[in-house]
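The structure appears right after this line, and notes come after that.
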Amino acid sequence: MGYLFESLSTALGMILHLNREVLSAVGTSLYTSLVATLLSTIIGVPFGACVGLGRFPGRRLILTLLNTLMALPTVVVGLVLFGLFSRQGPLGSLGLLFTPWAMIAGQTVLATPIVANFVLTAVNGSDPRIMDTVLTLGASRFQAGVQLLKEIRFGVMAALIAGFGRVIAEVGVAMMLGGNIRGVTRTMTTAIALETSKGEFAFGLSLGIVLLSVALIVNLFLNFLQQR
Amino acid sequence: MFRSSILCLLLFLFATPAFATEHLRLATTTSTENSGLLRELLPPFETANNCQVDVIAVGTGKAIKLGETGDVDVILVHARSKEDKFVAEGYGVDRRDVMYNDFVILGPANDPAGISGTQVAAAAFKKIAMAGATFVSRGDDSGTNTREKQLWKAAGIVPQGDWYLEAGRGMGEVLTMADERRGYTLSDRGTFLAYRDKIELKVMTEGDKQLFNPYGVIMVNPVKQPHVKVKLAQKFLDFLTSPTAKKLITGYRRGGEQLFYVAD
């Protein structure tokens, strides 16, 4: 029990004193996760909506694929992108490996299937007459789509929250593609992994508590947006 | 409202810090990073050259791989046989000795294989294997793992069986695992000192020449990898072998004990 109390008080201390390294890790975590969530929204929402609305051959296959991709192991994403971004790989000349952008790319790959799936489910669950009604009122297909998204905005919000949760908590992609460089690509999760490997279990756990607090604040903010 | 929030998002997206300073990428082992030495050693170099050293701490095997693929500029590792191969195959140039520390063979206090006091590392390994006592191996191709394999070879033993556990983890995790399983393991002294208060493992064998652990620094060959920052890397090699760095290395203490030594 002493161990848990120690972690809790260390965590409080770090939050109160705004420890610079912890702040930098929180910043990197938030920055990469938020940008990745944004990118996966841009890709995932239209994709999910189209698959949800459309009736075309191969749709079932896409649904199965999307469900499978939700189970994508982070290390596998890390490995594939590592091969792409390494100097030896096809995108090597960009020099992206071990930068925040490589992490963002990996996290986007992780979050997009989740966002798409949530949106797809929301579309399927919505009143099928919405589209028809809006279309008969003279809206273009695009306008109708926007109207539909407005109707299912809670579902879209849930998609964002789930996608964000997946990427801010993951460690595989951040470690492999970021390299855990202090002050540059060290995130909360890779910092926790590092402290654990150093045997600083209590400190690692306090970082975990800080991470959860950050996630709580983000979710409270999203919740606030939803209420409006 | 909508437009301004989009604007904010775009600003946020492109507000990455401007990289005024040059970055040197260093792949090194977890032992140097976890010991805290680099935090003492790097800042003077960074200030003097207005640069930032990006440290990627992995096992020696992976650090060498990152050098081969050209994803880093410099490597600081500890596995002489692999380092020589790295240079011989043309992946690296200008290898230099930086410092050394040593490995220790650790075991549970009750010492089921009776190796305590055995002076020769290979003989101790042989006793462990004969007794079938639990041994936790890094199993991750790191510098420590490379040395462990060499010791098994010297002992004339192919380690296998349910007593030999290949963890595939870092040194810290392996120490915890060996402690929980009441087994033996090979560790670098620095990591052991950092863990000493958290585990009950004791030093069984130390001081053998076979347990000597030298660290070398190598620049990634700029002929093979044209993007390597040659000038900065060269300065880094010069710095690591300079009197200033030597003083920092020998002066570094953790828990009152010296972790690294420099060759004279």
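For the protein sequence lines, the chains are B and G, in the order given.
For the first sequence, the tail end lands on 1267 under this note's numbering, and the numbers increase by one without skipping.
For the second sequence, the tail end lands on 394 under this note's numbering, and the numbers increase by one without skipping.
From the three backbone atoms N, C-alpha and C, an ideal C-beta is built for every residue, glycine too.
With contacts defined as CB atoms closer than 8 Å, glycine 269 of chain G and asparagine 164 of chain G fail to qualify as a contacting pair.
Residue nearest to arginine 210 of chain G within the set G/Lys283, G/Pro344, G/Ala187, G/Pro352 is G/Pro344 (criterion: CA-CA distance).
Ranked by how close their Cα comes to the Cα of leucine 1187 of chain B, the residues B/Leu1051, B/Thr1175, B/Asp1166 have B/Asp1166 in first place. Threonine 335 of chain G is bridged by DSSP to G/Ile235. Closest in alpha carbon position to lysine 212 of chain G, among G/Asp201, G/Arg225, G/Ser372, G/Ser317, is G/Arg225. The beta-carbon of phenylalanine 1137 of chain B is placed less than 8 Å from the nearest beta-carbon of chain G. Under a criterion of Cβ atoms nearer than 9 Å, no residue of chain G is adjacent to lysine 1189 of chain B; the nearest Cβ is some 12 Å distant. When Cβ-Cβ separations below 8 Å define contact, asparagine 1262 of chain B makes no contact with chain G. Burial check for histidine 1056 of chain B: the Cβ neighbour count within 10 Å stays below 16, so the residue is exposed. Contact between leucine 323 of chain G and glycine 385 of chain G holds: their C-beta atoms lie close to 6 Å from each other, under 8 Å. Its chain contains Ser267, Arg268, Leu316 as the residues whose beta carbon lies nearer than 8 Å to that of glutamate 278 of chain G, once the 5 sequence neighbours on both sides are disregarded; these appear in chain order. The continuous alpha helix (DSSP H) containing phenylalanine 175 of chain G extends over residues 167-179.
With its beta carbon at least 8 Å from every one in chain B, asparagine 275 of chain G lies outside the interface.
Residue pairing by DSSP places arginine 226 of chain G opposite G/Val347 in a beta bridge.
Taking a contact as a CB-CB distance under 8 Å, the pair leucine 1216 of chain B and proline 1152 of chain B does not count as one, their CB atoms being some 18 Å apart. Chain order gives the chain G residues near valine 1223 of chain B as Asp184, where near means a beta carbon separation below 7 Å. Distance from the CA atom of glycine 1087 of chain B to the CA atom of leucine 1261 of chain B, rounded to whole angstroms, is 21 Å. Under the three-state reduction of DSSP output, glutamine 388 of chain G falls in the strand class. Leucine 1149 of chain B is classed as buried because its beta carbon has at least 16 other beta carbons within 10 Å across all chains shown.
Taking a C-beta distance under 8 Å as the contact criterion, aspartate 368 of chain G and valine 250 of chain G do not qualify as a contact pair. Cβ contact annotation for asparagine 179 of chain G (same chain, cutoff 7 Å, sequence separation greater than five): Leu362, Lys365, in chain order. A distance below 7 Å between beta-carbons, with the five flanking residues on each side excluded, links threonine 1076 of chain B to the following residues of its chain, in chain order: Ala1150, Leu1199, Gly1202, Phe1203, Val1206. Taken atom to atom, the span from the alpha-carbon of lysine 377 of chain G to that of valine 353 of chain G is near 33 Å. Using a CB distance cut-off of 8 Å, arginine 383 of chain G does not count as an interface residue toward chain B. Per the DSSP secondary-structure output, valine 1257 of chain B pairs with nothing in a beta bridge.
In the DSSP secondary-structure assignment, valine 266 of chain G is bridged to G/Leu295. Valine 1249 of chain B sits in a helix when the DSSP states are folded into three classes. In this structure, the CA atom of phenylalanine 265 of chain G is about 46 Å from the CA atom of asparagine 1258 of chain B. Straight-line measurement puts the Cα of threonine 158 of chain G at about 11 Å from the Cα of isoleucine 348 of chain G.
Along the length of the stretch 272-319 of chain G, whole alpha helix (DSSP H) runs at least 4 residues long occupy 273-284, 301-310, reported in chain order.
Within the same chain, and ignoring the five residues on either side of lysine 257 of chain G in sequence, the residues whose Cβ sits closer than 6 Å to its Cβ are Ala243, Ile245. Contact of asparagine 240 of chain G with chain B by beta-carbon distance below 9 Å is absent, the smallest such distance being about 23 Å. Secondary structure at alanine 218 of chain G: helix, using DSSP grouped into helix, strand and coil. The shortest C-alpha to C-alpha distance from threonine 1113 of chain B to any of B/Val1185, B/Ile1143, B/Cys1089 is the one to B/Ile1143.
Within chain B, the C-beta atoms nearer than 7 Å to that of alanine 324 of chain G come from Lys1237, Gly1238, in chain order.
For the stretch 1214-1243 of chain B, the continuous alpha helix (DSSP H) assignments of 4+ residues that do not extend past its boundaries occur at 1227-1236, in sequence order.
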